[in-house]
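To start, the structure itself, in structure tokens.
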Amino acid sequence: MGSALPQIDLPQQKKVAQALRAFLPERCVLWQEEDTRPYECDGLTAYRRLPMVVALPETDEQVQRILRTCHALGVPVVPRGAGTGLSGGALPPGDGVLLSLAKFMRVLRIDPLARVAVVQPGVRNAAISDVVAPFGLYYAPDPSSQIACSIGGNVAENSGGVHCLKYGLTVHNVLRVKGYTMQGEAVDFGSEALDAPGYDLLALAIGSEGLLAVTTEVTVKLLPRPEMARVVMASFDNLEKAGDAVAAVIAAGIIPAGLEMMDKPATLAVEQFVHAGYDLEAAAILLCESDGSAAEVEDEIARVKEVFTRAGATRTTVSRDEAERLRFWSGRKAAFPAMGRISPDYYCMDGTVPRKRIGEVLNFIGTMEKKYGLRCPNVFHAGDGNLHPLILFDANDADQLKRTEEFAAEVLLKCIAVGGTITGEHGVGVEKIGQMCMQFGAAELEMFHAVKRVFDPKGLLNPGKGVPTLSRCAEFGRMHVHAGKLRHPDLPRF
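In the numbering used here, the protein residues as written are 26 to 519.
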């Protein structure tokens with residue numbers, strides 16, 4: 026873990042800064058270290074690199090000219106939103122420009138009849154719901170960082186949240202994305218209509234981690250606020266029972282608004298932080314939310330409680346009012362910051378596994394805790410199997426840092442081995458680029474690169490992220506080529 030810190034080429038830095046200052050105000054071009062240092066990393070603080078130049082455009086035209094200028098100079102560009110990402114996707118280029126969209130914070134249009142809002146990429150996720158609340162509407166995806174993360178970053182990573190099980194990820198809630206390619210060419214993906222002609226490039230753009238284009242405008246779907254919502258909090262004395270209960274809910278034909286899971290170490294840390302009212306004796310708790318009309322919620326809550334009881338729940342509690350519902354969720358939403366009270370650092374992972382294998386993977390993580398001598402509370406979107414193990418460590422201890430990285434790699438290997446994937450919503454960035462070599466074969470990786478070359482022939486937009494080269498995979502180690510396909514030697518054949 027970590028990143029080399031190459032020396033900045035000062036003559037090149039001066040050249041690029043001068044080229045950008047030719048059309049950008051002085052306040053929009055930063056190159057002094059004291060000004061660029063805040064941009065050295067995103068939410069994955071174990072990876073840091075000082076940007077050569079930071080550009081903060083204020084208009085679409087400025088974004089376009091920045092890209093055209095950098096393309097002509099052969100200078101890499103990394104787009105950045107709010108910097109809350111957890112995979113190093115906004116790690117700056119030491120030899121290029123970090124393009125911050127932080128000033129793009131306007132809500133451009135709200136159409137309550139069509140139930141859409143058009144916003145700039147720097148608008149915060151939670152702010153969308155705030156501004157449309159007077160119309161009885163809201164924006165459904167709600168990452169835990171929603172009070173800070175921007176919609177542009179959500180588009181880049183295809184973010185989800187605690188309600189993604191019923192309402193989907195960003196890709197299911199965005200109608201249109203506009204922006205510019207590395208060459209400064211305007212692109213327009215999707216449509217406000219039900220469909221758009223040609224290939225579904227909108228789905229390609231969402232989750233592309235800033236590799237294909239820089240987003241400058243997003244059209245999101247809005248939903249009517251449910252009449253009512255209530256949460257069932259269920260306690261289990263065994264991790265596998267809790268995992269099996271998740272699968273049982275879905276098998277019963279119930280698609281709750283949210284279905285989250287936290288293990289005992291996580292609830293202990295969270296309860297000290299926000300006092301959410303969690304059962305601290307339980308090995309794991311599930312939070313299952315039902316929303317809709319009063320009759321629908323009452324019926325679904327009864328069915329969920331019955332499923333949990335059959336699955337071995339030792340206790341179930343139903344929120345009595347809106348205040349208690351929000352309190353139950355406050356603990357889950359505050360899980361990440363709560364770890365800061367009990368550990369100098371934490372490494373948040375993002376693997377996804379089949380629901381029926383959740384208990385098995387949690388037990389595996391427990392084994393890894395003993396192997397590496399590190400604590401790892403678990404919180405995750407249980408409904409879609411998206412795990413967020415939180416490995417606790419001290420970044421000032423080089424050995425702990427090394428063990429943390431090895432711990433994380435083994436967990437991601439386990440996710441692949443049980444039929445899952447290395448990410449659910451945080452993206453690949455620089456964090457999991459090595460694990461991409463385990464997930465995909467040589468032909469698949471080359472196809473990913475071919476798609477990027479269509480949009481960015483010179484490979485200047487967010488280089489070194491998301492998709493590894495075959496030579497990078499060879500360097501990653503513990504890999505071999507078998508019958509033309511890259512795979513990890515410990516993985517079973519499928």
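Beta carbons: idealized from backbone N, C-alpha and C, even for Gly.
Values in this document were obtained by computation on a predicted structure and should not be read as measured data.
Check: Would a C-beta distance cut-off of 8 angstroms place P146 and P488 closer than the cut-off?
Finding: The answer is no: Cβ separation not under 8 angstroms.
Check: Do you know whose CA, among A211, S260 and K203, lies nearest T244's CA?
Finding: Comparing Cα-Cα distances from T244 to each of A211, S260 and K203, the minimum goes to K203.
Next item on the list: Locate the alpha helix (DSSP H) running through E59, then write down its first and last residues.
Entry: DSSP places E59 inside the alpha helix (DSSP H), whose first and last residues are E58 to T61.
Note to self: Let me check understanding here. Comparing Cα to Cα, which of R366, G376 and N263 lies closest to A336?
What the structure shows: Considering only alpha carbons, the answer is N263.
Note to self: Within a Cβ cutoff of 7 angstroms, which residues of the same chain sit near K266, ignoring the five residues on either side of it in sequence?
What the structure shows: The residues are A336 and G337.
Notebook entry, point to check: DSSP three-state call for G391: helix, strand or coil?
Noted result: Helix at G391.
Check: Three-state secondary structure (DSSP) at G317?
Finding: Strand.
Next item on the list: Tell me whether T448 sits in a helix, a strand or coil according to DSSP, three-state version.
Entry: In the structure shown, T448 sits in coil (DSSP, three-state: anything other than H, G, I, E or B).
Note to self: Using only the alpha-carbon positions, how far apart do S125 and A221 sit?
What the structure shows: Each residue's Cα considered, the two are about 29 angstroms apart.
Checklist line | Best match in I275, V78, R74 and G113 for proximity to K490 [C-alpha to C-alpha] | finding: For the residues I275, V78, R74 and G113, the minimum Cα distance to K490 belongs to G113.
Next item on the list: Go ahead and pull the three-state DSSP assignment for C401.
Entry: Correct three-state label for C401: coil.
Margin query: Relative to the C-alpha of D136, which candidate in V157, F129, K483 and R149 has its C-alpha closest?
Written below: Residue V157 is the option with its Cα nearest to D136.
Check: Do three or more CB pairs link the stretch 291-300 to the stretch 349-368 at distances below 8 angstroms?
Finding: Short answer: they touch.
Notebook entry, point to check: Counting pairs of beta carbons, one from the stretch 426-433 and one from the stretch 463-476, are three or more of them closer than 8 angstroms?
Noted result: Not touching, per the Cβ criterion.
Note to self: Distance check for L438 and M504, CA to CA, integer angstroms please.
What the structure shows: Here M504 scores only 43 on pLDDT, less than 50, and its place in the model should not be relied on; the value that follows carries that caveat. Each residue's Cα considered, the two are about 12 angstroms apart.
Margin query: What does the alpha-carbon distance come out to for the pair Y64 and R74?
Written below: Rounded to the nearest angstrom, the two C-alpha atoms are 8 angstroms apart.
Notebook entry, point to check: Skipping 5 residues on each side, what residues in its chain have a beta carbon closer than 8 angstroms to that of L485?
Noted result: Excluding sequence neighbours, L485 sits near C95, H96, G99, V100, P101, V102, G121 and M207.
Next item on the list: Measure the alpha-carbon distance for N198 versus G283 and round it to whole angstroms.
Entry: The C-alpha of G283 is placed about 16 angstroms away from the C-alpha of N198.
Check: How many angstroms separate the CA atom of A420 from the CA atom of D370?
Finding: Cα to Cα, the separation comes out at about 6 angstroms.
Next item on the list: Rounded to whole angstroms, what's the CA-CA distance from G445 to M463? Just pull it up for me.
Entry: When rounded, the distance between both Cα atoms is 12 angstroms.
Next item on the list: Ignore the nearest five residues each way along the sequence and tell me which others in L232's own chain have a CB closer than 6 angstroms to its CB.
Entry: Looking at the sequence provided, one finds Gly at residue 232 rather than Leu. Closer than 6 angstroms at the Cβ level, and outside the excluded window around G232, lie N183.
Check: In chain order, what residues of the same chain have a beta carbon less than 6 angstroms from the beta carbon of H513, not counting five sequence neighbours either side?
Finding: Low local confidence applies: a pLDDT of 40 at H513 is under 50, so the model's placement there is unreliable, with the coordinate-based value given in what follows. Only residues of its own chain outside the window of five on either side were considered, and among them M463 have a CB closer than 6 angstroms to the CB of H513, listed in chain order.
Next item on the list: Have a look at L311 and D422 and give me their C-alpha separation to the nearest angstrom.
Entry: Here the alpha carbon of L311 sits roughly 34 angstroms from the alpha carbon of D422.
Item checked: Selected residue, minimal CA-CA separation from V256, among G452, Y303, S315 and T240 -> Measuring from the Cα of V256, the nearest candidate turns out to be S315.
Notebook entry, point to check: Should G8 be labelled buried (16 or more other beta-carbon atoms within 10 Å of its own) or exposed?
Noted result: Given that the chain is displayed from residue 26 to residue 519, the structure contains no residue 8 and the question cannot be resolved.
Margin query: Here's a check: name, in chain order, each residue in its chain whose Cβ is nearer than 6 angstroms to the Cβ of F333, leaving out the five neighbours to either side.
Written below: Residues A259, A270 and T341 of the same chain have their beta carbon placed closer than 6 angstroms to that of F333, with the five preceding and five following residues left out of the count.
Checklist line | Neighbour-count burial assignment, S170, 16 or more Cβ in a 10 Å radius | finding: Looking at its Cβ environment, which holds 16 or more other Cβ atoms inside 10 Å, S170 is buried.
Notebook entry, point to check: When we look at the beta-carbon of V180 and count the other beta-carbons within 10 Å, is it buried (16 or more) or exposed?
Noted result: Buried, because 16 or more other Cβ atoms sit within 10 Å of the Cβ of V180.
Next item on the list: Take the Cβ of E500 as the centre, count every other Cβ of all protein chains shown within 10 Å, and call the residue buried at 16 or more, exposed below.
Entry: An exposed status is given to E500, since fewer than 16 other beta-carbon atoms sit within 10 Å of its beta-carbon.
Next item on the list: Inspect the beta-carbon positions of R366 and F261 and report whether they are closer than 8 angstroms.
Entry: For R366 and F261, no; Cβs fall outside 8 angstroms.
Next item on the list: Would you grab the beta carbon distance between G215 and L229 for me? Rounded to a whole angstrom, and I think it's under 8 angstroms.
Entry: Not confirmed; about 10 angstroms, so no contact.
Next item on the list: Kindly give me the distance between the Cβ atoms of F353 and G302, rounded to whole angstroms, as I take these residues to be in contact under 8 angstroms.
Entry: Between G302 and F353 the Cβ distance is about 7 angstroms, and since that is below 8 angstroms, they are a contact.
Notebook entry, point to check: Whose C-alpha, out of Y372, V378 and A273, is nearest the C-alpha of G110?
Noted result: The residue with the shortest Cα to Cα distance from G110 is Y372.
Item checked: Residue range of the alpha helix (DSSP H) that includes C66 -> Looking at the DSSP string, C66 is not in any alpha helix (DSSP H), and its letter there is neither H nor E.
Checklist line | Cβ neighbours of R134 in the same chain (closer than 6 angstroms, five flanking residues each side left out) | finding: The answer, listed in chain order, is V143.
Checklist line | Y164 in three-state terms, based on DSSP | finding: If DSSP states are grouped into helix, strand and coil, Y164 belongs with coil.
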